[in-house]
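Using my numbering, the letters of the sequence shown correspond one by one to residues 11 to 509.
Just so it is clear, CB atoms sit at the ideal spot from N, CA and C, and this is done for glycine as well.
Here the structure is laid out as structure tokens; the discussion comes afterwards.
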Amino acid sequence: MAPAIYWIRRDLRLADNPALLAAAQAKAIIPVYIHAPHEAGDWAPGAASNWWLHHSLAALASAYARYGVPLIIRSGDSLATLRALVAETGAEAVHWNRLYEPATIERDRHIKQTLRDDGLSVESHNAALLHEPWTIRTGTGGDYKAFTPFWRACRRAAEPEPPLPAPQTLARCDNADAMAGAMGRDPAATAGAAALESLGLLPTIDWAGGLRSRWQPGEAGAWARLEAFLPATLAAYEPGRDYPARPGTSRLSPHLHFGEIGPRQVWQAVQAQLARGGDSDPAARTESAETFLSEIGWREFAHHVLFHHPGFPDHPLNARFADFPWQADPGDAMLKTWQRGETGIPLVDAGMRELYATGWMHNRVRMVVGSFLVKNLRLPWQAGEAWFWDTLVDADLASNSLGWQWVAGSGADAAPYFRVFNPVRQSERFDAEGDYIAHWIPALADLPVKHRHAPWEAPAPVLESAGVTLGVDYPHPMVDLKESRQAALAAFEQIKKAG
């Protein structure tokens, strides 16, 4: 039996990995990661994603080293690299797990057909989704554009397959060390280290301290995150997920995006936690679990929409929004103010500062900062989408596009355009004590709680007592919330009348 190549993409784990297990049946396995960001079209990974990828690949290389197998890391054209590996090793099979971005689908189809024409056995597998995008259809055979019926159809479908185990052993290729450029007494442990550094994924100016302190990329980090969330937080997920100052969410999104854990594994772990019970009311526990699983469903829905509408990341699904009268922004002055978290609106600024410091933002705050950009500033949702793409560690093309078109009112199952989040009301409701604002905007921490949400409304003596001078210690609001809301609604009426 000839060796088999396992082409690693965003499936940076050993367990529940069908392509890995299929390749492991061969005489020897050749695991290879090929760095080819140019093949992602207009959506090459951003800076935060690259930081995560570097550390996740390092963790994966260590995991393979425990099997005595080096992880091969190369860069360049994917097809040419795979063909070169076939020539070097005599491999007769290639396996990979599927991805669903439009440019990747087109590339993979071409590579699969070309390698098969070369005489190789080539198989792709599903490791990233509970249900592949083409398997969930409406009664008329179409695709879904609203989440609730989509998720209902998913729940009617068969239960997700049980996750696969990690391989017990892996057989190494005879010349694996040479292919990986390994040296030293423990070739598998050091293989690819120089190749990984050569990818240049880490920032040249170190801005990633906040990321390092909060995240553990890799399969072990994904399981540590899930195991910390399940017993302590799952039972209170509904409504605890709405409060940004509390640890009420799983924060699994980057681990799911990079395939360090799979949705089948999360599904099974939730069911096991429910079976164990706990101190909370069983009905409340089940409701919280269902709400959490529906977030996995939202991720599935995002991939469903992107698969059926490949222009979704760039163009509004609702075509009339193509003519929306966005506001002019010379020199991107308003956009940059929003990006820096200097809008003068505390909840918005706290969220943007959390994003820049940690590569992540609480989901409710994402909706608020998105609404502020698109509706109060009337800047295109694509500008926010691009900033999130570069700064989020969980930047996922399907989910990022769906989220931004949802808040813009132009996408699948979108919020109605007249729904404009009021950031003051949102922080009063979901950050009532102002803890989230005080943490990310220390200049406001000494204000009385009731004035942290809207410091421009605080009396001058209160501001003076707290050591806050608006325009010096913290900005004045860059827009009037009420007036900008009315301007956004008037702009929407223009495109409604235009049809």
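Query                                                                                                                                                                                               : Result
Return helix, strand or coil for residue 366, following the three-state DSSP convention.                                                                                                            : helix
Taking C-beta to C-beta, are residue 138 and residue 107 nearer than 8 Å?                                                                                                                           : yes
If you reduce the DSSP assignment to three classes, tell me which class residue 41 lands in.                                                                                                        : strand
Check whether the segment 379-393 touches the segment 428-435, taking contact to mean three or more Cβ pairs, one atom from each stretch, closer than 8 Å.                                          : yes
Rounded C-beta distance between residue 95 and residue 40? I'm assuming under 8 Å.                                                                                                                  : 6 Å
Starting from the C-beta of residue 141, find all residues in its chain whose C-beta is less than 7 Å away, skip the five residues before and the five after it, and write them out in chain order. : 164, 167, 310
Any chance the CB of residue 29 is under 7 Å from a heavy atom of the ligand NAP?                                                                                                                   : Among the components of this structure there are no ligands whatsoever, and the ligand NAP is therefore not found.
Let me confirm a value: residue 451 is counted as buried when at least 16 other C-beta atoms fall within 10 Å, else exposed. Which label applies?                                                   : buried
Reducing DSSP to helix, strand and coil, say where residue 193 ends up.                                                                                                                             : Unreliable placement is indicated for residue 193, whose pLDDT of 36 sits below 50; the coordinate value is still reported in the next sentence. Looking at residue 193 - three-state DSSP - the assignment turns out to be coil, as it is neither helix nor strand.
What whole-angstrom Cβ distance do residue 235 and residue 265 have, given they're in contact under 8 Å?                                                                                            : 6 Å
DSSP three-state call for residue 447: helix, strand or coil?                                                                                                                                       : helix
Would you be able to state if there are at least three C-beta pairs under 8 Å between the segment 343-360 and the segment 289-306?                                                                  : no
Does the Cβ of residue 506 have 16 or more other Cβ atoms within 10 Å, making it buried, or fewer, making it exposed?                                                                               : exposed
From which residue to which residue does the beta strand (DSSP E) around residue 17 run?                                                                                                            : 14-18
Count the CB pairs spanning the segment 357-372 and the segment 201-212 that are closer than 8 Å, and state whether there are at least three.                                                       : no
Less than 8 Å between the CB atoms is what I'm expecting for residue 390 and residue 336, so what's the real figure, rounded?                                                                       : 5 Å
Determine the contact status of residue 243 and residue 258, defining contact as a CB-CB distance below 8 Å.                                                                                        : yes
Is DSSP giving residue 328 helix, strand or coil here?                                                                                                                                              : coil
Would you call the segment 400-412 and the segment 449-468 touching, i.e. three or more CB-CB distances under 8 Å?                                                                                  : no
Residues in the same chain with beta-carbon distance under 7 Å from residue 503, minus the five sequence neighbours each way, listed in chain order, please.                                        : none
State buried or exposed for residue 189, treating a residue as buried only when at least 16 other CB atoms are found within 10 Å of its CB.                                                         : buried
In whole angstroms, give me the CA-to-CA distance for residue 333 and residue 157.                                                                                                                  : 26 Å
Judging by CA-CA distance, which residue of 27, 34, 83 is the nearest neighbour of residue 44?                                                                                                      : 83
Ignore the nearest five residues each way along the sequence and tell me which others in residue 77's own chain have a CB closer than 6 Å to its CB.                                                : 180
Given that a residue counts as buried once 16 or more other Cβ atoms are within 10 Å of its Cβ, and exposed if not, what is residue 492?                                                            : exposed
When the Cα atoms are used, what is the spatial distance from residue 177 to residue 32?                                                                                                            : 10 Å
Sorted by chain position, which residues of the same chain lie with C-beta nearer than 7 Å to residue 278's C-beta, five sequence neighbours on each side aside?                                    : 172, 173
Measure the Cβ-Cβ separation of residue 400 and residue 58 and say whether it is below 8 Å.                                                                                                         : yes
For the alpha helix (DSSP H) that residue 505 lies in, which residues bound it at each end?                                                                                                         : 491-508
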